[in-house]
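Here the sequence shown is numbered in the numbering used here, starting from 155 and rising by one per residue.
Inspection log for the structure reproduced underneath, given as structure tokens.
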Amino acid sequence: MRRVTVRKSSIHGRGVFALQAIAAGARILEYRGEVTSWRRAVARHRRSGMSGHTFIFGLTDGRVIDGSVGGNSARWLNHSCRPNCEAIEDEQGRVFIETLRDVMPGDELFIMYALAIDEALTPELAADYACRCGAKRCTGSMLALASS
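As structure tokens, this is what we get:
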């Protein structure tokens, strides 16, 4: 029996939703797609003309998983400042989505993106990475917070 489905999200575009109760600590999905370089994935994304969604997941070795090629439903996970799931990278560079707390049927599944950018943060760029999660302690951004 399938545990999740993809459908329209009130947060942003599409999202991943639980079809049944899922206990905390459960491995739900693997983030799938082509493992490639940042350069190739970003060039492909620009050529696609798709705006509003980027299916690129950075790995610790500097490569990425490009969910736009051979990806699965995990690519539709939305960001939240209070996520109910987390992404775990294993030793082989595979990324799995696991629940942080119990999830009920109908709940949207979220991860914290903690995105990093290589350019100066302008107001326009900040707007591109604005968070829409609505959490009580929303940071207002999908970017990783600079540690003090």
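All residues carry an ideal CB built from backbone N, CA and C; glycine is no exception.
Check whether glycine 212 and alanine 274 have beta carbons under 9 Å apart: no
When Gly260, Cys239 and Asp244 are compared against valine 160, the one with the closest alpha-carbon: Gly260
Alpha-carbon spacing of tryptophan 192 relative to aspartate 256, whole angstroms: 34 Å
Span separating the alpha-carbon of valine 170 from that of threonine 214: 24 Å
Distance between beta carbons of tyrosine 283 and methionine 266, contact taken as under 8 Å: Actually they do not touch by this definition, with Cβ atoms about 13 Å apart.
First and last residue of the uninterrupted alpha helix (DSSP H) at arginine 198: 192–202
Minimum C-alpha distance to arginine 198 - residue among Val158, Ser164, Val223 and Arg229: Ranking Val158, Ser164, Val223 and Arg229 by Cα distance to arginine 198 puts Val223 first.
Alpha-carbon to alpha-carbon, alanine 180 and serine 234: Those two C-alpha atoms are separated by around 19 Å.
Contact set for alanine 178: own chain, Cβ-Cβ below 7 Å, skip 5 residues either direction: Thr253, Leu254, Arg255 and Asp256
Burial state of glutamate 227, where buried means 16 or more other Cβ atoms lie within 10 Å: For clarity, residue 227 is serine in the given sequence; the question names glutamate instead. Buried: at least 16 other Cβ atoms inside 10 Å.
For leucine 263, the first and last residue of its enclosing beta strand (DSSP E): 262–265
Alanine 289 versus arginine 236: straight-line alpha-carbon distance, rounded: 6 Å
Three-state secondary structure (DSSP) of leucine 305: The first residue shown for the chain is 155 and the last is 302, placing residue 305 beyond what the model contains.
Extent of the continuous beta strand (DSSP E) to which phenylalanine 209 belongs: DSSP places phenylalanine 209 outside any beta strand (DSSP E), giving it a letter other than H or E.
Sequence-distant residues of the same chain with beta carbon closer than 7 Å to threonine 208, five excluded per side: His199
Closest by C-alpha distance to valine 249, when choosing among Pro277, Asp220 and Asp272: Asp220
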